[in-house]
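The next block holds one structure in the form of structure tokens; read it before the comments.
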Amino acid sequence: MLPREFVEYAAEFTLGFLATVRDGIPSIELVEFEAKPEYILIRDMRKDGVACLVFANERYSENSKMAQVTGELVMEGGECRLIPQRAYWTYPFSLSSYPREIVRRWRRR
1187 MLPREFVEYA AEFTLGFLAT VRDGIPSIEL VEFEAKPEYI LIRDMRKDGV ACLVFANERY
1247 SENSKMAQVT GELVMEGGEC RLIPQRAYWT YPFSLSSYPR EIVRRWRRR
């Protein structure tokens, strides 16, 4: 179950990055979601397994406000739900602390 403050914080976001691993291959998808105390509804998704959802602005930017929820993706009643196991705040970072090549690759996307 997510704390009330976390659900209220999640309401500021409509998009998030959903990270999953299937057959040893990681993938990250931009998804729409809606947070509820018991679970997070992931729209237009049909997956199950372990996942991590990162709340993010439409255009991710340095020092943007973020949080993460890890848990289990389950299909229930035709909906894909992320059942939270852990929720935590993500601290801002500075691009200047990352190796230059990683920053160049990230900016080219």
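Numbering-wise (this note's numbering), the sequence shown opens with residue 1187 and increments by one. Where a beta carbon is used, it is the ideal one built from N, C-alpha and C, also for glycine.
Query	Result
Buried or exposed: which applies to Gly1264, given that a residue is buried once 16 or more other Cβ atoms fall within 10 Å of its Cβ?	exposed
How long is the line joining the alpha carbons of Val1240 and Ala1196, rounded to whole angstroms?	10 Å
From which residue to which residue does the alpha helix (DSSP H) around Ala1221 run?	Here Ala1221 belongs to no alpha helix (DSSP H); instead the beta strand (DSSP E) covers 1211 to 1221.
Near Val1217, which residues of its chain fall below 8 Å by C-beta distance, leaving aside the five closest residues on each side in sequence?	Leu1201, Gly1202, Phe1203, Leu1204, Ile1228, Arg1229, Asp1230, Met1231, Leu1239
So for Phe1192, helix, strand or coil by DSSP?	helix
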